[in-house]
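Notes follow once the structure below has been shown.
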Amino acid sequence: MTFDDAVKQRVALDVRWHRQVNRSLSSGPRRCRCARPGADRTINYPAETSPVPTLHIGPARPSSIAPRRCPARTPDPPPGEYGTLRRHASRRFPIRLARTPAPAHPSPLRSSLVTAPVKPRSTRHAATLADVGREAGVSAMAASAVLNGAKTSSRIADETRDRILEAARRLNYRPNATARALAAGRMNTIGFATTLSRTELNQYFLEVFNGVIEAAAELGQNTTVFALADWSDGARRIPAFCDGRIDGLILLAPQLAADDAHRLPDHTPLVSIHGNCELPGVINLEAEEEAGAHAMVARLLALGHRHILHVAGPPHVLGARRRVDGYHRAYREAGLTPPADGVVAGDFSAESGRRLLSRWLETHRGQEMPQAIFAGNDAIAMGCLDVLTARGIGVPQQVSVVGFDDTVLARSARLTTVRQPLRELGQRAARLLVACVDAKLGEGPAPNVTTLVLPTELVDGATLSPPRAASLRIE
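Just so we're aligned, residue 1 is where the sequence shown starts under full-length UniProt numbering, counting upward by one.
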């Protein structure tokens with residue numbers, strides 16, 4: 001096809017298109033002036049009665065009709081009658097077409113097509129580098145170099161740099177965190193996975209999490225929480241958490257078996273708190289739980305308590321077993337024998353404490369009431385307090401109650417308890433995890449630790465006193 005043939009074909013297509021547009025117009029003459037490289041087109045739309053519009057290619061001819069310039073190119077109109085023609089012609093004459101009610105005079109088209117002004121772009125969008133560059137009169141690349149502190153920014157004149165910074169300030173420009181993260185190879189976000197109770201607030205989780213977010217904020221990190229229904233499918237779901245949205249993951253009290261280690265991702269650093277077993281490549285933080293339980297029971301024995309009931313946590317949890325071990329060791333070292341039914345196991349919740357103590361009192365009706373109750377955690381202790389109060393038993397006048405953890409609930413109730421440094425555990429876990437991420441990216445040394453154990457301490461409260469002289473029977 002020669003050049004002349006191509007021009008003729010294009011002109012014919014344009015004429016055909018404007019014939020259809022002309023048929024849809026119900027008002028007087030319009031004029032469309034479309035600027036194109038190499039030629040200026042002026043199309044005079046006569047009245048409805050004229051069968052074919054006048055097409056002129058070349059310099060625009062004078063006209064008494066005020067020119068109406070076409071708006072910016074708009075998306076192709078939806079397919080319909082003359083769909084192929086309309087899509088093709090829109091590339092040459094970008095006139096925005098809008099459906100309007102049928103005109104007073106019948107039209108051969110099913111709906112009339114009229115030109116509509118293009119709405120200005122909303123200014124409520126977040127400013128981009130292109131906006132800053134346009135405002136400062138420079139390219140987006142130059143704006144990026146200045147605002148991101150690139151090495152090439154040293155070649156930009158001070159006057160230009162000041163202009164870019166002033167434009168960014170006026171537009172309230174904020175860097176795109178996602179784009180920066182992709183460029184740097186890190187999201188600056190750490191994950192926190194745990195199980196949450198559906199029935200009551202997990203005070204243990206809150207204490208640890210407060211420490212995590214406090215340290216993360218100091219290190220410029222965001223924190224994402226991943227909630228698990230239970231740890232039975234934890235090993236299967238953890239790899240899905242490490243899909244690129246976080247740099248590392250903290251596992252709170254993970255109940256994972258050694259066989260689950262091969263399922264854990266090796267491309268994402270992991271840190272656990274109160275892990276149930278040792279996992280290769282995972283730093284674990286814990287407290288001296290056995291020593292803390294031993295110290296509390298030894299203190300009860302030193303005050304004269306002999307019949308101490310331990311309402312424990314779940315037997316499959318390592319921390320719960322360690323507290324039971326501390327209970328028995330205190331009795332052994334004191335040369336005493338613990339009660340035969342002195343340990344009852346449940347879970348770490350207030351409801352479990354209420355249920356276990358109520359059942360124990362019912363099965364021991366008419367026997368001697370325990371002189372003290374050592375709860376596996378503060379939530380269990382609060383449940384035991386509810387049962388004793390409902391029965392009219394005074395604490396600590398008739399029965400002493402002590403807990404484990406030192407949560408905010410225990411502090412508000414002035415509960416005597418064993419303090420675990422839960423907040424510090426969270427802080428240290430976050431710092432160790434960020435250090436592991438830095439080491440992975442070659443930005444620092446790897447932490448030289450596999451297990452970190454923090455001490456516990458006793459906290460005095462208002463729920464502990466020496467035993468009463470006369471024994472109390474269970475009614």
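Ideal Cβ placement from N, Cα and C applies to all residues, glycine included.
(request) Could you check how far apart the C-beta atoms of A430 and A216 are, in whole angstroms? I think they sit under 8 Å. (result) Locating residue 430 in the sequence shown gives position 430, counting from the first residue. Locating residue 216 in the sequence shown gives position 216, counting from the first residue. That pair is a contact at about 5 Å.
(message) Quick check: the Cα distance between V225 and L285, rounded to an integer number of angstroms?
(response) Translated into the one-based positions of the sequence shown, residue 225 becomes position 225. Translated into the one-based positions of the sequence shown, residue 285 becomes position 285. Those two C-alpha atoms are separated by around 19 Å.
(message) Can you tell me whether V395 is helix, strand or coil according to DSSP?
(response) The count along the sequence shown starts at 1 and reaches residue 395 at position 395. Assignment of V395 by DSSP, reduced to helix, strand and coil, places it in the coil class.
(request) Give me the Cα-Cα distance between A293 and F192, rounded to the nearest whole angstrom. (result) Indexing the sequence shown from 1 puts residue 293 at position 293. Indexing the sequence shown from 1 puts residue 192 at position 192. Each residue's CA atom was taken as its position, placing A293 and F192 some 28 Å apart.
(request) Following the continuous alpha helix (DSSP H) through S358, name the residue where it begins and the one where it ends. (result) Your numbering for residue 358 matches position 358 in the sequence shown. Under the DSSP assignment, S358 falls in the alpha helix (DSSP H) whose first and last residues are A350 to T363.
(request) Compute the beta-carbon to beta-carbon distance between L129 and A140, rounded to the nearest angstrom, for a pair I have assumed lies under 8 Å. (result) Here residue 129 corresponds to residue number 129 of the sequence shown, with the count starting at 1. Here residue 140 corresponds to residue number 140 of the sequence shown, with the count starting at 1. Yes, they are in contact, since the Cβ atoms of L129 and A140 sit about 5 Å apart, within 8 Å.
(request) Below 6 Å CB to CB, which residues in the same chain sit around I164 once its five sequence neighbours on both sides are set aside? (result) By 1-based counting over the sequence shown, the position of residue 164 is 164. A136, A143 and V146.
(request) Sort out for me which residues DSSP pairs S400 with in a bridge. (result) Along the sequence shown, one-based indexing puts residue 400 at 400. Looking at the DSSP assignment, S400 forms a beta bridge with A372.
(message) Could you compute how far the alpha carbon of V408 sits from the alpha carbon of G211?
(response) Here residue 408 refers to the residue found at position 408 when the sequence shown is read from its first residue. Here residue 211 refers to the residue found at position 211 when the sequence shown is read from its first residue. Their backbone Cα atoms lie some 14 Å apart in a straight line.
(message) For the stretch 238-251 against the stretch 185-204, do three or more pairs of beta-carbon atoms, one drawn from each stretch, fall closer than 8 Å, so that the two count as touching?
(response) With the rule of 3 Cβ pairs closer than 8 Å, the stretch 238-251 counts as touching the stretch 185-204.
(message) One question on the structure: do Q221 and T178 come within less than 9 Å of each other, judged by their Cβ atoms?
(response) Taking the sequence shown and counting its residues from 1, one reaches residue 221 at position 221. Taking the sequence shown and counting its residues from 1, one reaches residue 178 at position 178. The answer is no: Cβ separation not under 9 Å.
(request) Express the C-alpha separation of R473 and G281 in angstroms, rounding to a whole number. (result) On the sequence shown, position 281 is the one that residue 281 refers to. On the sequence shown, position 473 is the one that residue 473 refers to. Taking C-alpha positions only, G281 is separated from R473 by approximately 53 Å.
(message) Less than 9 Å between the C-beta atoms of L309 and F374, yes or no?
(response) Translated into positions along the sequence shown, residue 309 becomes position 309. Translated into positions along the sequence shown, residue 374 becomes position 374. Going by C-beta atoms, L309 is nearer than 9 Å to F374.
(request) Please state whether DSSP places I43 in a helix, a strand or coil. (result) If you number the sequence shown from 1, residue 43 lands on position 43. Any answer about I43 is weak, because its pLDDT of 45 lies below 50 and its placement is not dependable; what the coordinates show is given next. DSSP, read as helix, strand or coil, puts I43 in strand.
(message) Would you say L13 lies against chain E (beta-carbon separation less than 9 Å)?
(response) The structure shown has no chain E; it contains just one protein chain.
(message) Using the three-state DSSP reduction, which class does I246 fall into: helix, strand or coil?
(response) In the sequence shown, counting from the first residue as 1, residue 246 sits at position 246. Looking at I246 - three-state DSSP - the assignment turns out to be coil, as it is neither helix nor strand.
(message) According to DSSP, is G346 part of a helix, a strand, or is it coil?
(response) Along the sequence shown, read from residue 1 onward, the residue named residue 346 stands at position 346. When DSSP states are grouped into helix, strand and coil, G346 belongs to the coil group.
(request) Spell out a yes or no on whether the stretch 223-243 and the stretch 446-458 are touching, meaning 3 or more CB-CB pairs, one atom from each, closer than 8 Å. (result) The answer is no - the stretch 446-458 does not touch the stretch 223-243, with fewer than three Cβ pairs under 8 Å.
(request) Give a yes or no on whether the C-beta atoms belonging to S358 and A379 are separated by under 9 Å. (result) Start at 1 with the first residue of the sequence shown, and residue 358 comes out as number 358. Start at 1 with the first residue of the sequence shown, and residue 379 comes out as number 379. Result no, Cβ atoms of S358 and A379 do not sit closer than 9 Å.
(request) Whole angstroms is fine: what's the gap from P37's alpha carbon to A126's? (result) Residue 37 sits at position 37 when you count from the first residue of the sequence shown. Residue 126 sits at position 126 when you count from the first residue of the sequence shown. Residue placement at P37 is poorly supported in this model, since its pLDDT is 46, which falls under 50; the coordinates still yield a value, given next. In this structure, the straight-line span from the alpha carbon of P37 to that of A126 is close to 33 Å.
(message) I believe V387 touches T417 by the beta-carbon criterion, under 8 Å. Please report the beta-carbon distance rounded to the nearest angstrom.
(response) Mapped onto the sequence shown, residue 387 falls at position 387. Mapped onto the sequence shown, residue 417 falls at position 417. That belief does not hold up - the Cβ atoms of V387 and T417 are roughly 18 Å apart, past 8 Å.
(request) Assuming L356 and G346 form a contact by the criterion Cβ under 8 Å, report the distance between their Cβ atoms to the nearest whole angstrom. (result) Residue mapping note: residue 356 aligns to position 356 of the sequence shown, counting from 1. Residue mapping note: residue 346 aligns to position 346 of the sequence shown, counting from 1. Confirmed, Cβ separation roughly 5 Å.
(request) Apply the 10 Å Cβ neighbour rule to V11 and answer buried if 16 or more other Cβ atoms are within range, or exposed otherwise. (result) Here residue 11 refers to the residue found at position 11 when the sequence shown is read from its first residue. Within 10 angstroms of the beta-carbon of V11 lie fewer than 16 other beta-carbons, which makes it exposed.
(request) Classify R91 as buried or exposed, calling it buried when 16 or more other Cβ atoms lie within 10 Å of its own Cβ. (result) Residue 91 sits at position 91 when you count from the first residue of the sequence shown. Residue confidence for R91 is low, a pLDDT of 46 falling below 50, so the modelled location carries little weight and cannot support an answer.
(request) Check residue 493 in the structure and name its three-state DSSP category. (result) Nothing about residue 493 can be reported from this structure: the residues present for the chain run from 1 to 475 only.
(request) Return yes when the Cβ of I246 is within less than 9 Å of the Cβ of M296, no when it is not. (result) Working through the sequence shown from its first residue, we reach residue 296 at position 296. Working through the sequence shown from its first residue, we reach residue 246 at position 246. No Cβ-Cβ contact shorter than 9 Å links M296 with I246.
(request) Name the residue from R306, I213 and A334 whose alpha carbon lies nearest to the alpha carbon of P467. (result) On the sequence shown, residue 467 is found 467 positions in, with the first residue counted as 1. For the residues R306, I213 and A334, the minimum Cα distance to P467 belongs to R306.
(message) Helix, strand or coil, according to DSSP, for T456 in the structure here?
(response) On the sequence shown, residue 456 is found 456 positions in, with the first residue counted as 1. Correct three-state label for T456: coil.
(message) Quick check on the burial criterion: 16 or more other C-beta atoms within 10 angstroms. Buried or exposed for P338?
(response) In the sequence shown, residue 338 corresponds to position 338, counting from 1. Buried is the label assigned to P338, since at least 16 other Cβ atoms lie within 10 Å of its Cβ.
(request) Could you spell out the range, first to last residue, of the alpha helix (DSSP H) harbouring G211? (result) Within the sequence shown, residue 211 is the residue found at index 211, counting from 1. Looking at the DSSP string, the run of the alpha helix (DSSP H) that includes G211 is Q203 to E218.
(message) So, with DSSP's three-state summary, where would you put A150?
(response) Residue numbering aside, residue 150 sits at position 150 when the sequence shown is read from its first letter. It is coil, neither helix nor strand.
(request) Can you give me the start and stop residues for the alpha helix (DSSP H) that R419 sits inside? (result) The count along the sequence shown starts at 1 and reaches residue 419 at position 419. Element bounds for R419: not the alpha helix (DSSP H) but the beta strand (DSSP E), T417 to R419.
(message) When you compare the CB positions of R365 and E475, do they come within less than 9 Å of one another, or not?
(response) Here the question's residue 365 lines up with position 365 in the sequence shown. Here the question's residue 475 lines up with position 475 in the sequence shown. Using a Cβ distance threshold of 9 Å, R365 and E475 count as a contacting pair.
(message) Are the CB atoms of S465 and Q397 within a distance shorter than 9 Å?
(response) Translated into positions along the sequence shown, residue 397 becomes position 397. Translated into positions along the sequence shown, residue 465 becomes position 465. Yes, they are a contact pair.
(request) Could you tell me the boundaries of the beta strand (DSSP E) in which V449 lies? (result) For the purposes of this step, residue 449 is taken as the residue at position 449 of the sequence shown. In this chain, V449 is not harboured by any beta strand (DSSP E), its DSSP state being neither H nor E.
(request) Measure the C-alpha to C-alpha separation of R16 and T2 and round it to an integer number of angstroms. (result) The residue you call residue 16 lines up with position 16 of the sequence shown. The residue you call residue 2 lines up with position 2 of the sequence shown. When only Cα atoms are considered, R16 and T2 end up about 21 Å apart.
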